[in-house]
Amino acid sequence: MSISNAMQTGVSGLLANSASVGNISSNIANANTDGYRRSFSQMVTSASSSGNVSPGSASVLAVTKNEISVEGATRSTDSDSDLAISGNGFFVVSRSANETSASNYYLTRAGSFTVDDEGNLVNAAGYYLAGYAYNSDGSLGNVDRTTTSDLVTVNVANTSIVGQASTEMSLSGNLASELTGTGADTGTSYTSSLSFYNSLGAEEKVSVSWTPTTTDNVWTMELSYDGQSLGTVDVTFSDSSGTAGTPLSYTNVTSNATAPAAFAFDTATGVASVTVANGTTPQSLTISVGSIGESDGITQFSGGDQTVSADVDGYASGTMTRFEIDESGDLYGIFDNGSRRLLYNIPLAVVTNPDGLAMVNGNAYITTASSGNFNLQQANSGTAGTIESGALESSNVELAEELTQLIQTQRAYSSNAKIITTVDEMMDETTNLKR
659 MSISNAMQTG VSGLLANSAS VGNISSNIAN ANTDGYRRSF SQMVTSASSS GNVSPGSASV
719 LAVTKNEISV EGATRSTDSD SDLAISGNGF FVVSRSANET SASNYYLTRA GSFTVDDEGN
779 LVNAAGYYLA GYAYNSDGSL GNVDRTTTSD LVTVNVANTS IVGQASTEMS LSGNLASELT
839 GTGADTGTSY TSSLSFYNSL GAEEKVSVSW TPTTTDNVWT MELSYDGQSL GTVDVTFSDS
899 SGTAGTPLSY TNVTSNATAP AAFAFDTATG VASVTVANGT TPQSLTISVG SIGESDGITQ
959 FSGGDQTVSA DVDGYASGTM TRFEIDESGD LYGIFDNGSR RLLYNIPLAV VTNPDGLAMV
1019 NGNAYITTAS SGNFNLQQAN SGTAGTIESG ALESSNVELA EELTQLIQTQ RAYSSNAKII
1079 TTVDEMMDET TNLKR
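The end of the sequence shown is residue 1093 by our numbering, with every number in the run present.
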């Protein structure tokens, strides 16, 4: 190797180690950056352009590598909108809300999302969280998981649901058997007011009264709406082992309803069909009292307080008060009417080679030929990891390792600088030979 070649080799060493220090400094500076992935310089031998390399004549290049596939530690936070990924995948984020340009969508592991003044979930870098919006029936429909075309910005502001009219009600409770029969206080009725919802989502009441008769184990049930009786039916309960306490028969069905209200009772199934005049179109409601021989509704055993409750479908109109995100990325809205509804699914972008992604501003990445294209998978399925709410993924930088590398790199840099000063002295000696 000539003196000039030695000089160039020393210069290449300075440049390579300078690049390495640059990566180390970035790692140390971002040691506390959520979701940050460390980079490092891999030293690679650089041959001459002719390819003829004599021993000891090779220079060096610093090739930057990223450890994107190496996870950082997860830590808990006090915010339900903070999200961490355990396993494979990246959040999909966009530069602006409801972005339409595919080039403005990025991948990130930084899940420090907060709700902005418009209700959008946005992270500390100002990127908006993207997801799939559920339909009102709780389905996603057909979504394209290979592009960003069906993604929307996750928004949790001013979300409300329209009430749904009730159609079915199931009664439950126990009646005291000792209240029936000769000598019992058969003149007392036990009334419960049960809620249901009309077509406008408003809560209404239907009353059910139970009056013990002078016959053992026989009660008269009456259904009423708005103070008006709809109808009555006598309910006989079994007192025999095996079916004791369950409905034995339904008899003496009487309708007291005035049109357009209506009352009917199926004595074989124990289901009442009522119509209440609470709108231009009357509302129909089926009320299940209990199957014959089954304890799936009203029962009669000794004791009890004669309180009857009901399980009813439908719900009132409501406004969302908070939201929850599960490990599959499903975002549920919790409403002040007690409802819990699916609003969004937050997918995870999975790529074949995460270490091949290219970094962009804001601790985010874009795909390259080396990484391969992304596929949007539901979290906790396929090769995608799980999402943890109320947690953040820390940087995967290990400070002790970085500081050790910094010492080694500084020594290498100093050694290469020594090569240059030595070669400079040798060239001075060569120049002085002609004197």
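Glycine residues also receive a C-beta, built at the ideal position from the N, C-alpha and C atoms.
Mark I661 as exposed unless 16 or more other C-beta atoms lie within 10 angstroms of its C-beta, in which case mark it buried.
-> The residue labelled residue 661 in the question sits at position 3 within the sequence shown. An exposed status is given to I661, since fewer than 16 other beta-carbon atoms sit within 10 Å of its beta-carbon.
If you follow the alpha helix (DSSP H) that D651 is part of, which residue opens it and which one closes it?
-> In the structure as shown, the chain starts at 659 and stops at 1093, and residue 651 therefore has no counterpart that could be examined.
Classification of G668 by the beta-carbon crowding that lies within 10 angstroms, buried from 16 upward = Within the sequence shown, residue 668 is the residue found at index 10, counting from 1. By the neighbour-count rule (16 or more Cβ atoms within 10 Å), G668 is buried.
Could you check if E952 is buried or exposed, using at least 16 other CB atoms within 10 Å of its CB as the buried criterion?
-> Locating residue 952 in the sequence shown gives position 294, where the first residue counts as 1. The residue in question, E952, is exposed, as its Cβ has fewer than 16 Cβ neighbours within 10 Å.
Residue interval of the alpha helix (DSSP H) (run including I682) | The residue given as residue 682 occupies position 24 in the sequence shown. Where I682 is concerned, the enclosing alpha helix (DSSP H) stretches over 661 to 687.
Between which two residues does the beta strand (DSSP E) carrying T1044 extend?
-> For the purposes of this step, residue 1044 is taken as the residue at position 386 of the sequence shown. Looking at the DSSP string, the run of the beta strand (DSSP E) that includes T1044 is 1044 to 1047.
Name the residue from L906, G889, A677, N690 whose alpha carbon lies nearest to the alpha carbon of T927.
-> Numbered from its first residue, the sequence shown carries residue 927 at position 269. Checking every option, the nearest Cα to that of T927 belongs to L906.
For the candidate residues A974, A788, T957, G961, whose alpha-carbon lies nearest to that of S967?
-> Stepping through the sequence shown from its first residue, residue 967 is reached at position 309. Cα-wise, what sits closest to S967 is T957.
State the beta-bridge partners of A1022 as determined by DSSP.
-> Along the sequence shown, one-based indexing puts residue 1022 at 364. In DSSP, A1022 forms a bridge with V1018.
Does the Cβ-Cβ distance between N746 and V1008 come in under 7 Å?
-> In the sequence shown, the residue the question calls residue 746 occupies position 88. In the sequence shown, the residue the question calls residue 1008 occupies position 350. In contact: N746 and V1008 (Cβ atoms closer than 7 Å).
If you check the beta carbons only, do T825 and D984 fall under 7 Å apart?
-> Working through the sequence shown from its first residue, we reach residue 825 at position 167. Working through the sequence shown from its first residue, we reach residue 984 at position 326. In this structure, D984 does not lie closer than 7 Å to T825 by Cβ.
Going straight from the alpha carbon of T846 to that of V812, what length do you get?
-> Here residue 846 corresponds to residue number 188 of the sequence shown, with the count starting at 1. Here residue 812 corresponds to residue number 154 of the sequence shown, with the count starting at 1. Distance between the alpha carbons of T846 and V812 is about 57 Å.
Between T912 and T890, what straight-line distance do the alpha-carbon atoms span, to the nearest angstrom?
-> As a first step, residue 912 must be located in the sequence shown, where it is residue number 254. As a first step, residue 890 must be located in the sequence shown, where it is residue number 232. Answer to the nearest angstrom: the Cα atoms are 5 Å apart.
So is E1059 buried or exposed if we call it buried at 16+ other beta carbons inside 10 Å?
-> Here the question's residue 1059 lines up with position 401 in the sequence shown. Exposed is the call here.
R998, buried or exposed, once every other Cβ within 10 Å from all chains shown has been counted against 16 = Indexing the sequence shown from 1 puts residue 998 at position 340. Exposed.
Let me know the secondary structure DSSP gives E757 once reduced to three states.
-> As a working mapping, residue 757 is identified with position 99 in the sequence shown. It is coil, neither helix nor strand.
Contact under 7 Å by Cβ, T806 with Y764 = In the sequence shown, counting from the first residue as 1, residue 806 sits at position 148. In the sequence shown, counting from the first residue as 1, residue 764 sits at position 106. No.
Using the Cα positions of L1057 and A689, report the straight-line distance between them to the nearest angstrom.
-> In the sequence shown, counting from the first residue as 1, residue 1057 sits at position 399. In the sequence shown, counting from the first residue as 1, residue 689 sits at position 31. Taking the straight line joining both Cα atoms gives about 7 Å.
So F748 packs on R733, CB below 8 Å; how close in whole Å?
-> Taking the first residue of the sequence shown as 1, we reach residue 748 at position 90. Taking the first residue of the sequence shown as 1, we reach residue 733 at position 75. With 8 Å as the limit, F748 and R733 do not qualify as a contact, their Cβ atoms being about 19 Å apart.
What are the start and end residues of the beta strand (DSSP E) that includes V966?
-> In the sequence shown, counting from the first residue as 1, residue 966 sits at position 308. Run containing V966: 966 to 970, per the beta strand (DSSP E) assignment.
Chain-order list of residues whose beta-carbon lies under 8 Å from that of L779 (same chain, five-residue window excluded) | In the sequence shown, residue 779 corresponds to position 121, counting from 1. Within the same chain, L779 has close Cβ partners S739, F771, T772, V773, Y786, L787, T811, V812, N813, V814.
Cβ distance (whole Å) where L1015 is taken to contact T1026 below 8 Å | Locating residue 1015 in the sequence shown gives position 357, where the first residue counts as 1. Locating residue 1026 in the sequence shown gives position 368, where the first residue counts as 1. Taking a contact as a CB-CB distance under 8 Å, the pair L1015 and T1026 counts as one, their CB atoms being some 7 Å apart.
Mapping DSSP to helix, strand and coil, what is P918?
-> Taking the first residue of the sequence shown as 1, we reach residue 918 at position 260. Three-state DSSP puts P918 in coil, outside helix and strand.
How big is the Cα-Cα spacing for I950 and P918?
-> Here residue 950 refers to the residue found at position 292 of the sequence shown. Here residue 918 refers to the residue found at position 260 of the sequence shown. So the two alpha carbons sit approximately 30 Å from each other.
Take every Cβ of the stretch 856 to 867, pair it with every Cβ of the stretch 817 to 837, and state whether three or more of those distances are shorter than 8 Å.
-> Because the criterion of three Cβ pairs below 8 Å is met, the stretch 856 to 867 and the stretch 817 to 837 touch.
How many Å lie between S707 and L719 at the Cα?
-> Locating residue 707 in the sequence shown gives position 49, counting from the first residue. Locating residue 719 in the sequence shown gives position 61, counting from the first residue. Bear in mind that a pLDDT of 48 at S707, under 50, signals an unreliable position, so the model cannot answer this.
Distance, S1039 Cα to S899 Cα = Locating residue 899 in the sequence shown gives position 241, where the first residue counts as 1. Locating residue 1039 in the sequence shown gives position 381, where the first residue counts as 1. A straight-line Cα-Cα distance of about 50 Å links S899 and S1039.
Report all residues from its chain with a CB closer than 7 Å to the CB of T878; omit the five preceding and five following residues, and keep chain order.
-> Here the question's residue 878 lines up with position 220 in the sequence shown. Contacts found: T869, T871, T890, D892.
Enumerate in chain order the residues of its own chain whose CB-to-CB distance from F923 is below 6 Å, with the five nearest sequence positions on each side excluded.
-> To locate residue 923, count along the sequence shown from 1; it is residue 265. If we look at F923 and ignore the five residues flanking it on each side, its Cβ neighbours are V891, V911, A930.
Taking all protein chains shown into account, do 16 or more other C-beta atoms lie within 10 angstroms of the C-beta of R695, making it buried, or fewer, making it exposed?
-> Mapped onto the sequence shown, residue 695 falls at position 37. R695 is buried by the Cβ-count criterion.
Alpha-carbon spacing of T804 relative to N1003, whole angstroms = Here residue 804 refers to the residue found at position 146 of the sequence shown. Here residue 1003 refers to the residue found at position 345 of the sequence shown. Between T804 and N1003, the C-alpha separation is close to 16 Å.
What is the DSSP secondary structure of V711, counted as helix, strand or coil?
-> Against the sequence shown, residue 711 aligns to sequence position 53. Only weak support is given to the placement of V711: the predicted model assigns it a pLDDT of 49, under 50, and the question is left unresolved by the model.
Between the beta-carbon of L1050 and the beta-carbon of T735, is there less than 7 Å?
-> Mapped onto the sequence shown, residue 1050 falls at position 392. Mapped onto the sequence shown, residue 735 falls at position 77. Yes; because the gap between Cβ atoms is below 7 Å, this pair is in contact.
Keeping to the same chain, check which residues put their C-beta closer than 7 Å to that of D954; ignore five residues upstream and five downstream.
-> The residue labelled residue 954 in the question sits at position 296 within the sequence shown. These residues qualify, in order along the chain: G948.
To which residues does DSSP link D988 through a beta bridge?
-> In the sequence shown, the residue the question calls residue 988 occupies position 330. DSSP lists N1003 as partners of D988.
Please confirm whether Y908 and T933 have their CB atoms less than 7 Å apart.
-> Counting from one through the sequence shown, the residue named residue 908 turns up at place 250. Counting from one through the sequence shown, the residue named residue 933 turns up at place 275. No, these two residues do not count as a Cβ contact at 7 Å.
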